[in-house]
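Participant: Every letter in the sequence shown is one number past the one before it in the UniProt record's numbering, and letter 53, counting from 1, is 53.
Quick one: the structure is below, questions incoming.
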Amino acid sequence: MDKEITPKGEDLNQMTIENDPVKDFFYFLWDLLKTGVIVFLIAFSIRYFLVQPFIVEGNSMLPNFVDQEYLLAEKISYIISQPKRGDVVIFKPPANPSQNYIKRIIGLPGETVEVSAEGVKIINTEHPNGISLGEEYIPEGTITRPLNNDDKTSTVLGDGQYFVLGDNREHSSDSREWGTLPRTNMIGRAWLTIKPLDRFGIQRRVDYSINNLKDLALRHLPAY
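The structure is reproduced here in structure tokens:
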């Protein structure tokens, strides 16, 4: 039979545990440090891989985004898939990478984008003769024209290059001015408006459906 072993000269009923204030303090600091590191890593991961806050400055995206609008950009979409036409993106402009811009994607890699007083025309493999882009998100009667004195401009997009425009076409510094936007300059897609509160909500993605494009193609057939 096992016997209990009692420390010599000690009464178990009277044993006490002595606290060491210095040790306890360092244990507390260690736990605090570990918690801080975990919180930092979580926050860093969320900001770097998931969402990032931004404040809109200026009126280049009126009427869909207003000056001082506070929004969140989500990044996960562009990690697992490619940017889509109609997406509103936050990015660093090639000519001024210290700034953050917000614009809408109009042209995709491999396409040619023509801009004239008649609007925006997309030329790609599906529409080699070009198709006018219907943009229901800008006010009716909005004229999209080149920012220079040309009647029409044509931009060919290579791999990883996008053509972006501000919704407020008369007051926007965009691809008409500084050229194509590299995929690597994109930060994320405008996802959720936080304030002003009357604009709170998720930003709906624009759907340029095949049927819509076909309707547009028929609508812009020349009349003989």
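Every residue, glycine too, gets a C-beta built ideally from N, C-alpha and C.
1. Once the 5 residues before and after residue 167 are set aside, which same chain residues still bring their CB inside 8 angstroms of it?
2. Please report the straight-line C-alpha distance between residue 120 and residue 75, rounded to a whole angstrom.
3. Sorted by chain position, which residues of the same chain lie with C-beta nearer than 8 angstroms to residue 191's C-beta, five sequence neighbours on each side aside?
4. In whole angstroms, give me the CA-to-CA distance for residue 207 and residue 31.
5. Taking one C-beta from the segment 86-98 and one from the segment 170-189 each time, how about it: are there three or more such pairs within less than 8 angstroms?
6. Just the C-alpha distance for residue 36 and residue 29, rounded to the nearest angstrom, thanks.
7. DSSP state of residue 65, grouped into three classes?
8. How is the alpha helix (DSSP H) around residue 176 delimited, first residue to last?
9. Can you list, in chain order, the stretches of the beta strand (DSSP E) that have 3 or more residues and sit fully within the segment 159-205?
10. Could you tell me the alpha carbon to alpha carbon distance between residue 193 and residue 24, rounded to whole angstroms?
11. Using the rule of at least 16 other Cβ atoms within 10 Å of the residue's Cβ for burial, across every protein chain shown, is residue 170 buried or exposed?
12. So who's on the other strand from residue 70, going by DSSP bridges?
13. Quick one: Cα of residue 86 to Cα of residue 205, how far?
14. Thinking just about the alpha-carbon of each residue, which of 181, 67, 53 and 142 is nearest to the one in residue 97?
15. Using CA atoms only, rank isn't needed, just tell me which of 164, 159, 69 and 56 is closest to residue 200.
Facilitator: Quick answer:
1. The count along the sequence shown starts at 1 and reaches residue 167 at position 167. Only 60, 61, 62, 63, 64, 65, 104, 137 and 138 meet the Cβ criterion.
2. Locating residue 120 in the sequence shown gives position 120, where the first residue counts as 1. Locating residue 75 in the sequence shown gives position 75, where the first residue counts as 1. Going from the Cα of residue 120 to the Cα of residue 75 covers about 28 angstroms.
3. The residue you call residue 191 lines up with position 191 of the sequence shown. Within the same chain, residue 191 has close Cβ partners 51, 71, 72, 73, 74, 202 and 203.
4. The count along the sequence shown starts at 1 and reaches residue 207 at position 207. The count along the sequence shown starts at 1 and reaches residue 31 at position 31. Distance between the alpha carbons of residue 207 and residue 31 is about 50 angstroms.
5. yes
6. The count along the sequence shown starts at 1 and reaches residue 36 at position 36. The count along the sequence shown starts at 1 and reaches residue 29 at position 29. So the alpha carbons of these two residues sit roughly 10 angstroms apart.
7. As a first step, residue 65 is located in the sequence shown; it is residue number 65 there, counting from the start. Note: residue 65 maps to coil in three-state DSSP.
8. Within the sequence shown, residue 176 is the residue found at index 176, counting from 1. Start and end: 175-178.
9. 161-165 and 186-195
10. Sequence index remark: in the sequence shown, residue 193 carries index 193 (1-based). Sequence index remark: in the sequence shown, residue 24 carries index 24 (1-based). Residue 193 and residue 24: Cα-Cα distance of roughly 46 angstroms.
11. Position 170 of the sequence shown holds residue 170. Label assigned to residue 170: exposed.
12. Within the sequence shown, numbered from 1, the residue matching residue 70 stands at position 70. According to DSSP, which records beta bridges pairwise, residue 70 is partnered with 55 and 195.
13. Translated into positions along the sequence shown, residue 86 becomes position 86. Translated into positions along the sequence shown, residue 205 becomes position 205. One C-alpha to the other measures close to 7 angstroms.
14. Here residue 97 refers to the residue found at position 97 when the sequence shown is read from its first residue. Residue 97 has its Cα closest to that of 181, out of 181, 67, 53 and 142.
15. Residue numbering aside, residue 200 sits at position 200 when the sequence shown is read from its first letter. Cα-wise, what sits closest to residue 200 is 69.
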